[in-house]
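First comes the structure, then the notes that go with it.
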Amino acid sequence: MTIRDIAAIALFAAFITALGFVPPVFVPFFPAVPLSLHSMGPILAGACLGAKRGFYAVALFWILLLAGLAFAGGSTGPAAFMGPMGGYIGGFGLAALITGLAYYYWPHPIIAQEFLFMAVGGIIALYAAGIAWLIFLTKISLTQALWLNAIFLPGDSAKIILCIFIRRRLYRSAPHAFRV
Amino acid sequence: MLCRPPAFFFNLAPSIKLAALFALSFILFFIDNIVILAGLAAAPIIIYRLAGFSVGSLGRCLFPAAILALLLFLFQFFATDFAAAGRAALRLFALLGFAAAVTATTANSALLAALERALRVLAPFGLKPRQTALALALTLRFMPLTRQIWHDIRAAQQARGGAQSLARLGLLISLWLSRLVTMQEDIAQAIEARGFDDEEREDS
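Read top to bottom, the protein sequences are chains A and B.
Just so it is clear: in the first sequence, position 158 is 561 by my numbering, and no numbers are missing.
Just so it is clear: in the second sequence, position 11 is 246 by my numbering, and no numbers are missing.
Next comes the structure, spelled out in structure tokens:
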């Protein structure tokens with residue numbers, strides 16, 4: 404791994420950390436649930452850096468979170484991992500890995516394909532990890548956990564659209580930044 | 236009377252605290268006795284008081300998770316019974332309380348150093364400690380700059396006016412990321428110019 408790779412990984416780890424400080428926004432067509440931008444970080448890390456480097460960026464974020472230098476779901480330190488959001492935070496790694504792998508195998512996707520890549524990584528994989536931990540932690544049923552997550556689906560779909568827009572703009576302005 | 240916080244909780248090695256916390260996170264799920272669970276949920280309050288912190292500061296730490304915990308309690312209450320819902324909520328609060336106590340009684344630098352030491356154990360599995368240390372150092376360098384650039388871009392956008400929309404948010408983040416990438420390349424070039432050849436040193 405070169406210095407540029409390490410710097411890119413560090414940058415995305417800082418970017419994921421910074422997204423945790425960005426206040427939630429309200430989606431116009433679904434104002435009931437505020438939209439936290441945090442999960443955009445691992446999706447974009449996977450899409451821009453590839454699976455391995457994207458995962459490393461998330462791993463660095465985990466270290467910072469564990470050390471109390473970052474925030475996720477309003478928590479920091481080991482509490483962030485032990486709380487109800489712990490599964491989603493763990494799922495960040497899965498989201499970066501799966502999104503990165505999809506871009507590795509299909510490097511020039513059309514918009515619909517991109518939506519699929521990011522939805523599989525940033526929604527299905529992320530929710531799967533989050534739901535699994537939620538069930539383990541609280542012993543609720545799968546149906547209950549699915550309902551709890553369903554309210555976030557419109558907002559997360561909007562996030563995927565944002566990620567596609569951001570990735571495409573970044574690809575036009577700084578194609579050399581991509582390491583997929 | 237708690238005039239001076241006792242050093243015990245602060246002096247305990249972060250690695251021991253983290254190991255105890257992870258052990259507790261598993262042990263808790265085998266405890267079904269609601270009295271023991273209530274005692275464990277109350278224990279962090281005692282630790283907080285003994286360490287010289289106010290109960291309010293623990294409350295502030297737990298507040299973000301409390302809303303979701305309440306939601307889960309209601310789900311459990313309607314799906315099963317009060318005891319099961321209470322057990323789930325108490326487990327959650329015990330876990331979060333102990334985790335918050337570890338964070339409150341350990342300096343960030345000490346936790347980071349403990350994690351770096353722990354990562355060295357993974358060296359035989361391909362993890363390069365020097366690269367990891369460099370990545371961590373760079374991330375810590377980037378963190379304040381990242382926030383600064385975000386505030387600059389946001390302030391510039393607000394000065395221009397206009398309604399908030401998803402498209403504008405997308406534009407804002409892409410501008411942010413674009414500036415971050417430029418900054419990162421400059422820093423990478425500067426490190427390379429100083430002759431930091433990581434591959435060479437790592438192999439030697």
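Built from N, CA and C at the ideal position, the CB exists for glycine as well.
query = In terms of residues, what are the limits of the alpha helix (DSSP H) holding Pro249 (chain B)?
reply = 249 to 262
query = In chain B, which residues lie less than 8 Å from Arg572 (chain A) when you measure between Cβ atoms?
reply = Gly405, Leu406, Ser409, Ser413
> What does a CB cutoff of less than 6 Å around Tyr574 (chain A) pick up in its chain, not counting 5 residues either side in sequence?
Replying inline: none
Original post:
Could you give the C-beta distance for Ile446 (chain A) and Gly524 (chain A), rounded to a whole number, given that I count them as a contact under 8 Å?
Top reply: 6 Å
Does any CB atom of chain A fall closer than 8 Å to the CB of Ser260 (chain B)?
-> yes
Original post:
What span of residues does the alpha helix (DSSP H) with Lys542 (chain A) cover, start to end?
Top reply: Where Lys542 (chain A) is concerned, there is no enclosing alpha helix (DSSP H), given that its DSSP letter is neither H nor E.
| query | Taking 8 Å as the CB-CB cut-off, is Arg382 (chain B) touching chain A? | reply | yes
query: Closer than 8 Å, CB to CB, is Val356 (chain B) near chain A or not?
result: no
- prompt: Got a sec, what are the start and stop residues for the alpha helix (DSSP H) Arg572 (chain A) sits in?
  reply: 556 to 576
* Ranges of the alpha helix (DSSP H) found wholly within the region 262 to 317 of chain B, counting only runs of at least 4 -> 269 to 285, 290 to 314
Limits of the unbroken alpha helix (DSSP H) element including Leu460 (chain B):
Nothing can be reported for residue 460 (chain B), as the shown portion of chain B is limited to 236 through 439.
Open item on the list: Judging by CA-CA distance, which residue of A:Ala528, A:Trp550, A:Ala410, A:Gly486 is the nearest neighbour of Phe257 (chain B)?
Closed with: A:Gly486
Taking the alpha-carbon positions, what's the Ala428 (chain B) to Leu410 (chain B) distance?
27 Å
request  = Indicate whether Phe534 (chain A) and Leu549 (chain A) have their beta-carbon atoms separated by less than 8 Å.
outcome  = The sequence given here places Ile at residue 534 (chain A); Phe does not occur at that position. In contact: Ile534 (chain A) and Leu549 (chain A) (Cβ atoms closer than 8 Å).
For Arg355 (chain B), count neighbouring Cβ atoms within 10 angstroms of its own Cβ and tell me buried if that reaches 16, exposed if not.
exposed
- Taking the C-alpha atoms as reference points, what is the distance between Tyr507 (chain A) and Leu285 (chain B)? 53 Å
### Message
So that I know if they touch, is there some Cβ in chain B lying closer than 8 Å to that of Ser439 (chain A)?
### Response
no
Opposite Ala475 (chain A) in the DSSP bridges: which residues? A:Ser478
Check: How many whole angstroms separate the CB atoms of Leu346 (chain B) and Gly471 (chain A), which I take to be in contact at a CB cut-off of 8 Å?
Finding: 6 Å
**Prompt:** Where does the unbroken alpha helix (DSSP H) through Arg355 (chain B) begin, and where does it stop?
**Reply:** 343 to 355
For this session: Since I believe Leu565 (chain A) is in contact with Gly405 (chain B) (beta carbons under 8 Å), could you give me their beta-carbon distance rounded to a whole number of angstroms?
Result: 5 Å
Neighbouring residues, chain B, relative to Thr502 (chain A) (Cβ below 9 Å): Within chain B, no residue comes near Thr502 (chain A); the closest Cβ sits about 15 Å away, beyond 9 Å.
### Query
Contact check, Thr541 (chain A) vs Ala323 (chain B) under 8 Å by CB: the rounded distance?
5 Å
Inset, instruction - Quick one: using the 10 Å Cβ neighbour count with 16 as the cut-off for buried, is Ile251 (chain B) buried or exposed? - result: exposed
query: What residues from chain B crowd round Leu565 (chain A), counting only those whose CB sits closer than 8 Å?
result: Leu401, Leu404, Gly405, Ile408
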